[in-house]
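Since the structure comes first, as structure tokens, the remarks are kept for the end.
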Amino acid sequence: MAQQAHQGTRPVAAEEPTIGALVHDLAQEIPQLVRSEIRLAQAEVAEKGRAVGTGLGMFSAAGLLAFFALGTLVAAAVLGLAEALPGWASALVVAAVLLAGAGVAALTGRKKVTEGQPLKPERAVAGVQKDVAAVKEAAR
């Protein structure tokens, strides 16, 4: 026999779960979903970490090769000056130039470090103190 549908209602089929059953199923599946999302995030971070590690290794290799190239250029400068000066004098001149450059870099670095002292974020602290004072004033 055919089911009769009343206007505004529809018959409930026997195989449709109730709302309570749906909520129960959802409550049981949420932890599994969260665990799956966490595993996915861990896998993604591990993959990106490997890529970053490889990139850092390549930067390290580039820095080491550049360091060796700089040493070779220094040796070339010494040998070039040795054409006009004795070998010991040309090495002394190149060393003096390098030390002068190191001194300038050290003084510049020292100046920048002292400009950054203290490390306390002074503007942020002042802003928070101002906010606290405003809240206290509004509370009175």
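Sequential numbering from 62 applies to the sequence shown in our numbering. Positions of the beta carbon are idealized from the N, C-alpha and C atoms, including for glycine. As the structure is a computational prediction, the values presented were derived from the model and not from experiment.
With H, G and I counted as helix, E and B as strand and the rest as coil, what does DSSP make of Leu134? Three-state DSSP puts Leu134 in a helix.
Going by beta-carbon coordinates alone, are Ala122 and Val139 separated by less than 7 angstroms? No, they are not a contact pair.
Quick check on the burial criterion: 16 or more other C-beta atoms within 10 angstroms. Buried or exposed for Val155? So Val155 ends up on the buried side.
Simplified DSSP state of Glu77, which is helix, strand or coil: DSSP places Glu77 in coil when its eight states are reduced to three.
DSSP three-state assignment for Arg201, whether helix, strand or coil: Here Arg201 sits in coil by DSSP.
Inside the segment 80–115 only - beta strand (DSSP E) runs reaching at least 3 residues: The segment 80–115 is shown to contain no whole beta strand (DSSP E) run of 3 or more residues.
Report the three-state DSSP secondary structure of Lys181 (helix, strand or coil). In the structure shown, Lys181 sits in coil (DSSP, three-state: anything other than H, G, I, E or B).
What's the gap between the Cα of Lys80 and the Cα of Asp86? Looking at the sequence shown, residue 80 is not Lys but Ile. Using only the alpha carbons, I get a separation of about 10 angstroms.
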